[in-house]
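In my numbering, the protein residues as written are 7 to 356.
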């Protein structure tokens, strides 16, 4: 997670441009869990309106994607594609919400992290499939029980390596008889942990679920190149289509994938005084009412919506309560959506 030290030499920027479609910008002070654009079964980084504040609940599924070349190659060898990672929103004993992830931050461990922190720090694109029907207290308890049993367990690295071999549970015929749920307290792959948890909480049918044969892309589209999983979607109609998450509404950096601008009209055009250190930055933020854009270099920045008019915003720090929070920007270029990044377009489920 970024610290305030990173923002010791930032300057304020006083030029703000509203989106062409008239939608106003929002801040993380208004929505501590960020915003979701309109849902769509698409990996293209489009700002689909109307957007809404993200109000998380247990059972929401996070689909994540970056442009790491190694994992892109591994997924190609396994005949699948983006998104490459999945997590599940789970309740914590203290009442907060966390994210259960097998292979957290590309490590060989399963972790639970606070949801708000994970959303801010992930260096890639995030889509959210929101649960349509809230969980019952019993289902929430079962979800928490599974997550706590899985936390800090090693990642299923051997089975991940087998995904590029004929020995995996995913295949034209193998998935019909292999890959069934194994229960809590095991080693999991990322999508496997999500499906296993949902089965344990009674949200998916254990007779048709195939956790170890499920990939994040199957969770994203509810369509699959695997014939069995295409007939038995791992999530189904109990979850909304994936919605692109953003910490703030509005524009994005050219060639990058994270929105960069906060509320329109907050900054006066004359306010360009450099801020000398993180403490001074925090004081300026507090005196401005809690929401302000802070920026470093200004170069080559354009809105995602297609306009060629530049938007001079490079960095962003927000004041939530009395604490400044830095928003992590995605440093990778936008990922090309290839053949294996899409579900099969021909054929029928049944």
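By construction, the Cβ of each residue, glycine as well, lies at the ideal position given by its N, Cα and C atoms. The model shown is predicted, which means the values in this text are computed figures rather than measured ones.
- A straight-line Cα-Cα distance of about 10 Å links residue 160 and residue 191.
- When rounded, the separation of the alpha-carbon atoms in residue 123 and residue 172 is 38 Å.
- In this structure, DSSP gives residue 230 a state outside helix and strand, which the three-state scheme calls coil.
- In the three-state DSSP reduction, residue 131 falls in the strand class (E or B).
- Listed in chain order, the alpha helix (DSSP H) elements of length 4 or more contained wholly in the segment 182 to 206 are 196 to 206.
- For residue 163, same chain residues with a beta-carbon under 6 Å away, outside a window of 5 residues either side, are 114 in chain order.
- Straight-line spacing of the CA atoms in residue 139 and residue 56 works out to 21 Å.
- With a cutoff of 8 Å on beta-carbon distance, residue 165 and residue 207 are scored as not near each other.
- Distance from the CA atom of residue 156 to the CA atom of residue 193, rounded to whole angstroms, is 8 Å.
- Between residue 92 and residue 205, the C-beta gap is not smaller than 8 Å, which leaves the two residues out of contact.
- For residue 151, the uninterrupted alpha helix (DSSP H) run begins and ends at 143 to 156, by DSSP.
- Contact check for residue 212 and residue 187: beta-carbon distance about 5 Å, within the 8 Å limit, so the pair qualifies.
- Shown here, residue 165 sits in a helix according to DSSP, grouped into three states.
- C-alpha of residue 54 to C-alpha of residue 233: approximately 31 Å in a straight line.
- As computed with DSSP, residue 37 is found in no beta bridge at all.
- Residue 243 counts as exposed, since fewer than 16 other beta carbons sit within 10 angstroms of its beta carbon.
- In the DSSP annotation of this structure, residue 246 is not part of any beta strand (DSSP E), being labelled neither H nor E.
- Cβ neighbours of residue 178 within its own chain (closer than 7 Å, five residues either side excluded): 233.
- DSSP, reduced to helix, strand and coil, places residue 69 within a strand of the structure shown.
- Residue 210 sits in coil when the DSSP states are folded into three classes, being neither helix nor strand.
- Assignment of residue 218 by DSSP, reduced to helix, strand and coil, places it in the helix class.
- With 16 or more neighbouring CB atoms inside 10 Å of its own CB, residue 236 falls in the buried class.
- Taking every protein chain shown into account, the CB of residue 144 has fewer than 16 other CB atoms within 10 angstroms, so this residue is exposed.
- Under the three-state reduction of DSSP, residue 123 is assigned to helix.
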